[in-house]
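Okay, structure first, notes after.
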């Protein structure tokens with residue numbers, strides 16, 4: 053039972069970690085001085101970097117930059133932040149799953165003899 057719970061939690065955590073760059077965006081309130089930026093995406097530890105050219109002109113800001121697929125744009129992946137993100141999601145999902153399973157499963161009460 054515990055082995056399947058660990059595997060299921062690992063699969064869900066890996067899926068959420070791989071989808072996190074598409075959820076967390078980069079946001080610019082004002083125009084930066086350097087318009088060619090290296091932006092990090094992902095969460096809770098950003099692990100995917102893409103180079104983006106920002107528009108010039110103050111009327112384009114505030115600006116929200118979304119992560120593009122690695123097949124469409126060159127993306128650099130960092131392994132250490134990816135592992136940290138995976139571990140954070142794994143621990144969070146495992147804790148929530150354990151609490152919910154314990155709540156519904158309950159514990160059998162043994163009567164004294």
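Numbering (the working numbering), first residue to last: 53 to 165.
All C-beta atoms, glycine included, are put in the ideal place defined by N, C-alpha and C.
Starting from the N-terminal side, write out each stretch of the beta strand (DSSP E) that is 3 residues or longer and does not extend beyond the stretch 90-146. The qualifying runs are 100-105, 115-117, 127-129.
CA nearest to the CA of residue 85, picked from 72, 65, 106, 97: 106
Alpha carbon to alpha carbon, what distance is there between residue 124 and residue 93? 15 Å
Just to confirm, is the Cβ distance from residue 97 to residue 146 under 8 Å? no
With C-beta atoms as the reference, is residue 91 less than 8 Å away from residue 117? Their beta carbons are under 8 Å apart, which means residue 91 touches residue 117 by this criterion.
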